[in-house]
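Take the sequence shown: its position 141, counting from 1, is numbered 413 in our numbering, and each next residue is one higher.
From the three backbone atoms N, C-alpha and C, an ideal C-beta is built for every residue, glycine too.
What follows is a single structure, written as structure tokens, with notes after it.
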Amino acid sequence: MKRSGHGRRCDETMATIVLILLLAGLILLYSTSAYNGRVKFHDAWYYVKKQGFATLIGLAGMAVVSRIDYHRWAVLAVPGYLAAVALSVAVMLFGDEYNGSKRWLSLGPFSFQPSEFAKVAVIIFLAWLISRCAGRPDQFRRQMLTLVPVLPIAGLVGASNLSTAVIILGIAAALIFVSTPKFAPFIWMGCAGAAFMALFLALESYRLERLAVWLAPEKYEKGYQTLQGLYAIGSGGIFGRGLGNSVQKLGFLPEAQNDMIFSIICEELGLVGAGLVILLFFLLIWRFFVTAVRAPDLFGALIAAGAMAHLMIQVILNIAVVTNSIPNTGITLPFISYGGTSVVFLLLEIGVVLNVSGLVE
Numbered sequence: 273m274k275r276s277g278h279g280r281r282c283d284e285t286m287a288t289i290v291l292i293l294l295l296a297g298l299i300l301l302y303s304t305s306a307y308n309g310r311v312k313f314h315d316a317w318y319y320v321k322k323q324g325f326a327t328l329i330g331l332a333g334m335a336v337v338s339r340i341d342y343h344r345w346a347v348l349a350v351p352g353y354l355a356a357v358a359l360s361v362a363v364m365l366f367g368d369e370y371n372g373s374k375r376w377l378s379l380g381p382f383s384f385q386p387s388e389f390a391k392v393a394v395i396i397f398l399a400w401l402i403s404r405c406a407g408r409p410d411q412f413r414r415q416m417l418t419l420v421p422v423l424p425i426a427g428l429v430g431a432s433n434l435s436t437a438v439i440i441l442g443i444a445a446a447l448i449f450v451s452t453p454k455f456a457p458f459i460w461m462g463c464a465g466a467a468f469m470a471l472f473l474a475l476e477s478y479r480l481e482r483l484a485v486w487l488a489p490e491k492y493e494k495g496y497q498t499l500q501g502l503y504a505i506g507s508g509g510i511f512g513r514g515l516g517n518s519v520q521k522l523g524f525l526p527e528a529q530n531d532m533i534f535s536i537i538c539e540e541l542g543l544v545g546a547g548l549v550i551l552l553f554f555l556l557i558w559r560f561f562v563t564a565v566r567a568p569d570l571f572g573a574l575i576a577a578g579a580m581a582h583l584m585i586q587v588i589l590n591i592a593v594v595t596n597s598i599p600n601t602g603i604t605l606p607f608i609s610y611g612g613t614s615v616v617f618l619l620l621e622i623g624v625v626l627n628v629s630g631l632v633e
């Protein structure tokens with residue numbers, strides 16, 4: 273293996289976009305969270321300081337991981353998958369509950385969401401598993417069977433975090449799709465996925481309630497957050513009220529710095545500012561696509577494709593929830609919403625993709 277001129281350019285472009293997103297994210301997070309920080313913690317910088325600390329850890333990890341040959345992660349594919357399953361079980365048994373969701377594990381003064389680790393572990397595991405099937409006569413059947421080990425972890429994570437389960441299943445479907453020339457079976461896969469989601473929603477009454485709130489948020493108390501988010505989006509207009517001038521973040525939109533931060537972006541920066549944020553995500557996803565197409569081997573291509581699917585699905589889900597295009601699923605906007613675990617593991621994932629992008633045969 274050696275580094276090529278193109279690989280270096282791809283490294284620099286991808287890394288630059290990530291740094292711009294991180295910097296923009298911290299600025300937008302401060303603008304959104306300063307009021308809540310003052311009210312709850314008497315510190316306007318509270319959320320930014322915690323997010324900044326996690327960002328520094330993530331950047332250091334990304335720098336280290338980007339220099340490790342990605343083929344070495346194949347050895348850890350199965351242990352990583354098993355660790356993700358074990359951590360998901362631990363969350364169900366010993367997890368901490370915040371705002372009605374049990375998603376966190378505490379280790380002394382630190383807490384993290386194992387579901388974020390599960391996303392990265394699934395990408396590495398499936399990339400390794402699918403690449404082992406390449407070239408075999410029964411390749412497609414084996415690839416379809418790779419969905420089997422994904423279902424337990426999706427079920428465990430989905431018990432408390434439906435949105436992450438959807439992302440994990442989406443990553444699996446995307447990796448199988450890009451690694452096979454057959455298209456027709458994916459119609460049946462989509463139908464099976466829809467049936468699974470319908471059954472999953474029907475098992476718990478609160479999930480069906482979310483559907484009702486989505487269809488008519490004005491009729492339910494739990495639709496308050498959705499309505500306030502839509503008010504924020506509508507009041508922003510084309511150019512917005514100006515950075516820092518949001519009204520909805522002043523106690524009207526609950527936890528604005530988390531899942532609903534995109535609505536505050538729309539309010540303060542308008543359609544133009546929101547469009548620029550979406551453009552940055554599009555450029556990063558495009559770099560993932562270029563890396564996948566030009567990867568040295570199938571394993572590297574699948575890692576880049578998995579990261580691309582992860583980021584794309586999460587961005588689409590978050591914006592769809594904020595605009596009430598789909599029911600509320602509690603998903604964060606990558607790099608921008610408050611959440612240290614998400615930032616750390618996203619940056620580690622990007623570090624692996626950076627290593628793929630910088631190598632050619």
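Report the residue from Leu620, Phe553, Pro424, Leu589 whose alpha carbon sits nearest the alpha carbon of alanine 296. Phe553
Ordered along the chain, which non-local residues of its own chain (more than five positions away) have a Cβ less than 7 angstroms from that of alanine 431? Met364
Is DSSP giving arginine 559 helix, strand or coil here? helix
Is isoleucine 536 near alanine 546, with beta carbons less than 8 angstroms apart? no
Unbroken alpha helix (DSSP H) runs of length 4 or more, entirely within the stretch 338-413: which are they? 349-366, 386-405
Measuring CA to CA, which of Val593, Val628, Gly514, Gln586 is closest to leucine 618? Gln586
I'd like to check one pair, alanine 446 with leucine 564: are the Cβ atoms closer than 8 angstroms? At residue 564 the sequence reads alanine, which differs from the leucine that was named. Taking 8 angstroms as the Cβ cut-off, alanine 564 and alanine 446 do not qualify as a contacting pair.
Looking at valine 556: is its Cβ nearer than 8 angstroms to the Cβ of isoleucine 289? It should be pointed out that residue 556 corresponds to leucine in this sequence rather than to valine. Yes; because the gap between Cβ atoms is below 8 angstroms, this pair is in contact.
Enumerate in chain order the residues of its own chain whose CB-to-CB distance from asparagine 627 is below 6 angstroms, with the five nearest sequence positions on each side excluded. Ser338, Tyr342
Does DSSP put tryptophan 486 in a helix, in a strand, or in coil? helix
So for tyrosine 498, helix, strand or coil by DSSP? The sequence shown places threonine at residue 498, rather than the tyrosine named in the question. Reduced to three states, the DSSP call for threonine 498 is helix.
Would valine 615 pass as a contact of glycine 330 if the rule is Cβ separation under 8 angstroms? yes
Would you identify the three-state DSSP class for arginine 513, choosing helix, strand or coil? coil
Determine the burial state of histidine 582: buried for a count of at least 16 other Cβ atoms within 10 Å of its Cβ, exposed for fewer. buried
Buried/exposed call for isoleucine 505, threshold 16 Cβ in 10 Å: buried
Tell me which residues share the same chain as threonine 498 and place their Cβ nearer than 8 angstroms to its Cβ, disregarding the 5 neighbours each side in the sequence. Val485, Trp486, Pro489, Asn596, Asn600
Evaluate aspartate 315 with the Cβ neighbour count: other Cβ atoms within 10 Å of its Cβ, from every protein chain shown; 16 or more gives buried, anything less gives exposed. exposed
Beta-carbon within less than 7 angstroms of proline 409's beta-carbon, same chain only, minus the 5 sequence neighbours each way: which residues are those? Interpretation of proline 409 is limited by its pLDDT of 48, a score under 50 that renders its predicted location unreliable; the figure taken from the coordinates is listed afterwards. Excluding positions up to five away in sequence, the list is empty.
Considering just the uninterrupted stretch of the alpha helix (DSSP H) at leucine 570, what are its terminal residues? 570-594
Output the distance between the C-alpha atoms of tyrosine 302 and serine 518, rounded to the nearest integer angstrom. 12 angstroms
Alpha carbon to alpha carbon, what distance is there between tyrosine 503 and threonine 327? 31 angstroms
DSSP state of valine 544 mapped onto helix, strand, coil: helix
Would you decide whether alanine 466 is buried or exposed? Buried here means 16 or more other CB atoms lie within 10 Å of its CB. exposed
Rounded Cβ spacing between isoleucine 396 and tryptophan 345 (contact assumed at less than 8 angstroms): 5 angstroms
Out of Lys391, Ile448, Pro424, state which residue places its alpha-carbon closest to the alpha-carbon of isoleucine 439. Lys391
Taking the alpha carbon of methionine 580 as the reference point, which residue from Ile598, Ala592, Arg559 has its own alpha carbon closest? Arg559
Beta-carbon proximity of leucine 269 to isoleucine 608, cut-off 8 angstroms: No answer is possible for residue 269: it lies beyond the span of the chain, which begins at 273 and ends at 633.
Look at leucine 574 and methionine 334 and say whether their C-beta atoms are less than 8 angstroms apart. no
According to the Cβ coordinates, are leucine 377 and leucine 359 closer than 8 angstroms? yes
Please report the distance separating the alpha-carbon of isoleucine 550 from that of glutamine 520. 21 angstroms
Terminal residues of the alpha helix (DSSP H) in which glutamate 621 lies: 612-629
Any idea what DSSP makes of isoleucine 289, helix, strand or coil? helix
Whole angstroms is fine: what's the gap from glycine 367's alpha carbon to glycine 523's? 29 angstroms
So what does DSSP say about alanine 466, is it helix, strand or coil? helix
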